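To start, the structure itself, in structure tokens.
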Amino acid sequence: MIQGLRRFHVGDRLSEMAIFNGTVYLAGQVPDDATQDIRGQTAQVLAMVDKLLAEAGTDRAHVLMAQIFLADLADFDGMNEVWDDWVAPGDAPPRATVQARLARPEWKIEVVVTAAISAGA
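Under the numbering used here, the first residue of the sequence shown is numbered 232, with each subsequent residue one higher.
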């Protein structure tokens with residue numbers, strides 16, 4: 232193991248989060264309830280991001296980069312409605328949004344986030 236590298240919620244295939252040198256790396260977050268529309272799935276995923284960032288000692292205002300994968304770009308506007316309410320005012324991070332075939336057909340969104348550890352954490 233690399234000195235200073237911490238992994239969280241480690242499974243056989245992946246860890247949900249890793250922290251190294253003051254940077255938090257999240258695995259792709261997907262919805263638990265895939266029966267919801269894009270707004271519901273986006274809200275779920277961003278709540279998961281918030282929870283993991285809090286566990287790491289940081290928050291959405293410290294997001295360095297977000298990568299958003301949508302199964303259908305027709306959901307772009309609906310996803311953005313939820314994103315715009317979630318993103319910290321004045322702290323919108325660099326972001327990429329692409330259409331991708333996700334691992335499960337019922338998933339409409341997957342989000343990958345990299346963040347800085349809050350000062351003093």
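C-beta: ideal position from N, C-alpha, C; glycine also.
Just so you know, these numbers come straight off a predicted model, no measurement behind them.
Is residue j closer than 7 Å to residue i when the C-beta atoms are compared?
i    : j    : result
L257 : V344 : yes
T328 : I299 : yes
R238 : S246 : yes
V280 : P324 : no
L284 : A346 : yes
Please report the straight-line C-alpha distance between residue i and residue j, rounded to a whole angstrom.
i    : j    : result
R332 : I340 : 10 Å
R326 : M296 : 6 Å
W338 : I233 : 34 Å
D264 : A334 : 15 Å
Using the Cβ count rule (16 or more neighbours within 10 Å means buried), how would you classify residue i?
i    : result
M310 : buried
V241 : exposed
Q275 : buried
I250 : buried
L277 : buried
I269 : buried
Q330 : exposed
P336 : exposed
A302 : buried
How close, in whole Å, do the beta carbons of residue i and residue j come, if the pair is a contact with beta carbons under 8 Å?
i    : j    : result
S349 : T289 : 4 Å
M248 : A287 : 6 Å
R291 : V318 : 7 Å
N252 : G235 : 7 Å
Got a sec: does the ligand GTP put a non-hydrogen atom nearer than 6 Å to the Cβ of residue i?
i    : result
E312 : Ligands in the displayed structure: none, and consequently the ligand GTP is not present.
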